[in-house]
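A.B. asks: One structure is given below, represented as structure tokens, and several questions about it will come after.
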Amino acid sequence: MSDVKNENALPTGTPTPAPTATPQATSAAAPGSSAGAPPRQPAPAAPLTGRPEPQPPAPATSDNLDAEIEREVEAALGGQSVADLMDQATAAPAQPVPPTASNEAEESADFPSELVRGRIVRVTPDDVFVELMGLSGKNQGVVPLTQFERPPRLGSVMDFVVERLDEAEGLVHLSREGAVSRATWEQLQKGALVDARVVGTNKGGLEMEMVGGILAFMPASQIDLHHVEDLAQFVGQKLPGVVQEINRRHRRVILSRRLHLEQERERQREEAWQTLETGQLRDGVVRSLAEYGAFVDLGGVDGLLHISDMSYSRVNRPEELLKVGQQVKVKILKIDADKKRISLGLKQVAPDPWEGIETRLKVHDQISARVMRVQDFGAFVEVFAGVEGLLPASEISWRRNVRVSDTVKEGDVLRVIVMALDPAKRRLSLSLKQAGGNPWLGAAQKYPRHTLVEATILSIPEFGAFAELEPGVEGLVHISELSDKRVNTVTEVVKVGEKHQFRVLEVDEENRRIRLSLKAAQHPVAEQAPAEAGQAAKPAAKKPKPTNLKGGIQGAGLGIGLGQLKL
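With positions in the sequence shown counted from 1, the corresponding number in the working numbering is that position plus 83.
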């Protein structure tokens, strides 16, 4: 426990509560404060404007906060005093409450004995003996040593409360606790900043003990700037708090740590704005997470860390990297003093993985890459931490019309070939099918004309069917090559997934085309080859040209020419 602290000034525009003007309160001012100066009340922190949604709720005004605290206290205490509530929980005796000038006659029964001053003259293992001042008759008192935090120094002057007079021993029995409590009650004023130790919890907040054994209560909403789930973590700790309510009659003191933190935050905010500069590296604490990023407290000032500036690798959700309360080192990317906005970067603290990428990657290099995301047009793969490339759908397989999701999955590790690299634009193009080799190389020698091959029907358009001879090598069977009979639809003869024997009619390795025939496979090659050879050897018949064109129509066999015509 420690003394009352009057170090906080009232904010501009906040009404100042008028303290009770009693002689005792004037003479018992808190240490370190000037005589007659009222205690300073912490200012509610002004909300940070101009930053993206969601924004933290702005601190409540004084009137609203008092009403909010009053409702919360009534709900938590249920009409009981703090002392009554703590008596039930700990069975500790309640402390007497001192009177004030305004209610001394009404509350004098709480302090049946007078306050006296005495000098410490002797200290024993159990008691402290006091030479009393201004007390008629008996002038020696005794007080248990257990009422002192540490053995008092001989000769020191302190205040005590007279409990009873022992005529047999000739001693006045004193209480140090009552004197300290009385002095503290006289000093205590609304708005003062005090320290109190947490001695327990209840359903609505913290049960606390101030200097002199004065009991206080701190509602759960007034413990911190944000909601606190576990109240038990504060038990045994000494916390600062602003006095929000004093009810001497019911022995009730309500404290708010949140107001103190808001005032400190406002002070830190003003100091921080004077020192922030673009390019600085700052330590911060993650205050909240949003879909688009995180808000980081830089010591009184919040900055926005956008999700795109969290990592050089892709981040789907801020929760993947950060959590509330986490300490991070960030770089200030931009400051807008007019709008009170600060843009922060986390990835900018680390080296850029794209710098010098051309020394690590070359075109035609074969490397390993992990699939990060799959799209209809291709897949994004990560080759180094923070360096991603595009694997186009056309470079995934030698097969035609292949769906990307049917070939690669997120998390797959692939061997790919570097097709193109542009460090300035941060673009990297890769190929999976090139890494496996071109199956069309040597296809003309592997599948010569007239040979029989087995192939699987892959797809059936209206004009025929595509059949796969091996992975990546397909041939076309035109509808006219399906049967010697008339075929109306392709599916009358073949279906997708069926395997058939086909005759190779033509191979175009350069353009990756093969013509196949199903009906030709039903006839021996010997029947087809001579016919094709005879057709190739027999020249086309030429139409004879007329040799005698004299006389116009003489060559036509009409019997006479024009030269023999007589008129």
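Each residue gets a CB set at the ideal place from its N, CA and C atoms; glycine is no exception.
Does PRO714 pass the burial test, meaning 16 or more other C-beta atoms within 10 Å, or should it be called exposed?
C.D. replies: Within the shown structure, residues of the chain are numbered from 84 to 650, placing residue 714 beyond reach of any answer.
A.B. asks: Can you give me the C-alpha to C-alpha distance between LEU513 and SER542, rounded to a whole angstrom?
C.D. replies: 27 Å
A.B. asks: For GLU441, I'd like the list of residues in its chain whose CB is within less than 6 Å of its CB, leaving aside the five on either flank, ordered along the chain.
C.D. replies: PRO506
A.B. asks: What residues match up with THR284 in a beta bridge as DSSP calls it?
C.D. replies: LEU289
A.B. asks: Going by CA-CA distance only, name the one from SER371, ARG397 and TYR375 that's closest to ASP385.
C.D. replies: Selection SER371, ARG397 and TYR375 evaluated against ASP385 yields SER371 as nearest (Cα-Cα).
A.B. asks: Quick check: what's the CA-CA separation for LYS529 versus ASP392?
C.D. replies: Cα to Cα, the separation comes out at about 54 Å.
A.B. asks: Roughly how many whole angstroms lie between the Cα atoms of LEU524 and VAL577?
C.D. replies: 29 Å
A.B. asks: Ignoring anything shorter than 3 residues, give me the beta strand (DSSP E) runs that lie fully in the stretch 432-470, in order along the chain.
C.D. replies: 449-458 and 461-467
A.B. asks: For GLN178, does the three-state DSSP call read helix, strand or coil?
C.D. replies: Interpretation of GLN178 is limited by its pLDDT of 39, a score under 50 that renders its predicted location unreliable; the figure taken from the coordinates is listed afterwards. GLN178 falls in the coil class under three-state DSSP.
A.B. asks: Measuring alpha carbon to alpha carbon, tell me which residue in ALA251, LEU198, GLN351 and LEU416 is nearest GLY382.
C.D. replies: GLN351
A.B. asks: Taking DSSP as the reference, what is the three-state secondary structure of ALA373?
C.D. replies: strand
A.B. asks: Based on DSSP bridge pairs, tell me the residues matched to ILE475.
C.D. replies: What sits at residue 475 in the sequence shown is Pro, not Ile. GLY461, per the DSSP bridge assignment.
A.B. asks: Tell whether a beta-carbon distance below 9 Å holds between LEU276 and VAL336.
C.D. replies: no
A.B. asks: Would you call the CB atoms of LEU274 and VAL318 closer than 9 Å?
C.D. replies: According to the sequence shown, residue 274 is Gly rather than Leu. Result no, Cβ atoms of GLY274 and VAL318 do not sit closer than 9 Å.
A.B. asks: In this structure, how does DSSP classify ARG483 when only helix, strand and coil are distinguished?
C.D. replies: coil
A.B. asks: Just tell me which of LEU308, ARG424, PHE300 and HIS343 has its CA closest to the CA of LEU359.
C.D. replies: ARG424
A.B. asks: Among the candidates GLY408, ARG498, VAL244 and ARG280, whose CA atom is the shortest distance from the CA of VAL311?
C.D. replies: With distances taken between Cα atoms, VAL311 lies closest to GLY408.
A.B. asks: Nearest to SER488 by alpha carbon, out of LEU257, VAL457, VAL206 and ALA503?
C.D. replies: Ranking the options by Cα distance to SER488, first place goes to VAL457.
A.B. asks: What is the DSSP secondary structure of PHE317, reduced to helix, strand or coil?
C.D. replies: helix
A.B. asks: Reducing DSSP to helix, strand and coil, say where LYS582 ends up.
C.D. replies: Three-state result, LYS582: strand.
A.B. asks: Can you check which of these residues, GLY253, ALA303 and ASP495, is closest to GLU214 by C-alpha distance?
C.D. replies: Taking only the C-alpha atoms, the option nearest GLU214 is GLY253.
A.B. asks: If you run the structure through DSSP and keep just helix, strand and coil, what is ILE306?
C.D. replies: ILE306 falls in the coil class under three-state DSSP.
A.B. asks: If we count the other Cβ atoms within 10 Å of its Cβ and call it buried at 16 or more, is ALA113 buried or exposed?
C.D. replies: Here the model assigns ALA113 a pLDDT of 37, short of 50, so the residue's position is not dependable, and the following value carries that caveat. Answer is buried; the Cβ neighbour count reaches 16.
A.B. asks: Is the CB-CB distance between PHE463 and ARG443 below 9 Å?
C.D. replies: no
A.B. asks: Could you give the distance in angstroms between the alpha-carbon of ARG205 and the alpha-carbon of PRO302?
C.D. replies: 44 Å
A.B. asks: Out of ARG486, ILE390, VAL245 and VAL556, point me to the one whose CA is closest to GLU374's CA.
C.D. replies: ILE390
A.B. asks: Count the other CB atoms within 10 Å of the CB of ASP380; is the residue buried (16 or more) or exposed (fewer)?
C.D. replies: buried
A.B. asks: Assuming contact is defined by CB atoms lying nearer than 9 Å, are LYS406 and LEU427 in contact in what I supplied?
C.D. replies: no
A.B. asks: Hey, GLY201 and PHE243: beta-carbon distance below 9 Å or not?
C.D. replies: It is a contact, given that the beta carbons lie within the stated cut-off.
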